[in-house]
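Residue numbers (this note's numbering), protein chains in the order written: chain A, 148 to 329; chain B, 148 to 329.
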């Protein structure tokens, strides 16, 4: 069964207007005026794009059953009419992260950094969808897409700020935050 | 950091002679006389291939630190001069496997099916390397490559036979065994 592929195209067209391309760590992405975001079968055209990022919706690598059951209760879908703001955050993790064994990564991810617990505090206000990109060979390991109402922009800033203070984030060696509106 | 890509090409050329293409479950792969196997930067040409399978060497999804340390002590590298026999086993797992949470898959994989424990009993006789293919969008989720000496062909049969009897294997819905020699 093939996984659903996603594509982000930054250029002069697209449903989202780019407010800011802000580099958090490492190399930035070039500026552009609009961003397209679409999953199969509605992948946006790459024509005229300044940059294109692709990923897939895949199985969860760290979330356990109990956590997923809790998330499912409060997790909103994408595309809410009130979600007039969005953000794309592509990140790469250091080779030292990927050299860890599964139980070590899980311990860093949740037991020590509370990644799921922090994210769930901002549900349902901040909708998020994780795409995996590392095995596809692109420049980033993950592409996370967020959608929220304008009045929740402060909560979004707080969420990503808290994640960036975690021990897990010491393993991030490239991160760009692309803020958009529609 | 890009992952190392692998390519298997079945056709009329290649360092391995195909002895048998045996379907274990689901649709088979077409017959061919020779198999090429190469990792970047030595990917074999796809020209004239009856079929081509690609994957990547990626992080381990279930192996814990203690298990990896044990494996590392006994795990041989590929390419031993005595490894005159080989096997490529591409498999696909059912959607119900992928719908499980990480802790459920881990429990099935090792606590209930002893995947690592069984495999390690056949080390260093049977060298193996796992490639991930699911996120690449190919027809299989995993490609496992085995190498061994002719006198260990019986041990190889025993190893895959034991794995196929596990609870984990009930989630396999396509499996083909390609046996080769050089």
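Beta carbons: idealized from backbone N, C-alpha and C, even for Gly. Remember, predicted model here, so these are calculated numbers, not experimental data.
Helix, strand or coil at residue i [DSSP, three-state]
i	result
residue 208 (chain A)	coil
residue 184 (chain B)	strand
residue 159 (chain B)	coil
residue 259 (chain B)	helix
residue 173 (chain B)	coil
residue 201 (chain B)	strand
residue 154 (chain A)	strand
residue 216 (chain B)	helix
residue 301 (chain B)	helix
residue 309 (chain A)	helix
residue 227 (chain A)	coil
residue 196 (chain A)	coil
residue 283 (chain A)	helix
residue 272 (chain A)	coil
residue 222 (chain A)	coil
residue 251 (chain B)	helix
residue 314 (chain B)	coil
Identity of the residue in the options nearest residue i by Cα
i	options	result
residue 292 (chain B)	B:328, B:163, B:323 and B:235	B:235
residue 302 (chain A)	A:264, A:269 and A:189	A:269
residue 264 (chain B)	B:151, B:176 and B:309	B:309
residue 258 (chain A)	A:189, A:314, A:289 and A:190	A:314
residue 318 (chain B)	B:254, B:243 and B:231	B:243
residue 210 (chain A)	B:192, B:184 and B:245	B:245
residue 203 (chain A)	A:152, A:249 and A:164	A:152
residue 248 (chain B)	A:199, A:215 and A:173	A:215
residue 294 (chain A)	A:272, A:239 and A:158	A:272
residue 275 (chain A)	A:225, A:199 and A:200	A:225
residue 324 (chain A)	A:307, A:229 and A:251	A:307
residue 189 (chain B)	B:175, B:161 and B:316	B:161
residue 340 (chain B)	B:322, B:150 and B:329	Residue 340 (chain B) lies beyond the range of chain B shown here (148 to 329); nothing can be said about it.
residue 163 (chain B)	B:261, B:172 and B:191	B:191
residue 154 (chain A)	A:329, A:277, A:312 and A:175	A:277
residue 175 (chain B)	B:167, B:182 and B:181	B:167
residue 261 (chain B)	B:177, B:316, B:289 and B:183	B:316
residue 298 (chain B)	B:266, B:219, B:253 and B:232	B:232
residue 267 (chain B)	B:172, B:198, B:221 and B:180	B:221
residue 287 (chain B)	B:158, B:173 and B:180	B:173
residue 195 (chain B)	B:156, B:185, B:256 and B:289	B:156
residue 296 (chain B)	B:186, B:230 and B:219	B:230
residue 328 (chain A)	A:171, A:149, A:170 and A:180	A:180
residue 212 (chain A)	B:253, B:311 and B:150	B:253
residue 256 (chain A)	A:208, A:223 and A:300	A:208
residue 158 (chain B)	B:312, B:206 and B:193	B:193
residue 289 (chain B)	A:178, A:171 and A:282	A:282
residue 206 (chain A)	A:280, A:200, A:184 and A:300	A:280
Identity of the residues DSSP links to residue i by a beta bridge
i	result
residue 291 (chain A)	A:236 and A:277
residue 321 (chain A)	A:239
residue 164 (chain A)	A:181 and A:328
Using a beta-carbon distance cut-off of less than 7 Å, what residues from the region 205-235 of chain B approach chain A? 205, 206, 207, 208, 209, 210, 211, 212 and 215
Residues of the region 247-263 of chain A whose Cβ lies closer than 7 Å to any Cβ of chain B, in chain order: 248, 249, 250 and 251
Taking only beta carbons into account, state which residues of the region 278-309 of chain B come closer than 8 Å to chain A, listed in chain order. 279, 281, 282, 283 and 284
Between the region 189-201 of chain B and chain D, which residues of the former have CB atoms less than 9 Å from a CB of the latter, in chain order? Judged by its chain identifiers, the structure shown contains no chain D, and its protein chains are A and B.
Using a beta-carbon distance cut-off of less than 9 Å, what residues from the region 149-171 of chain A approach chain B? 149, 150 and 152
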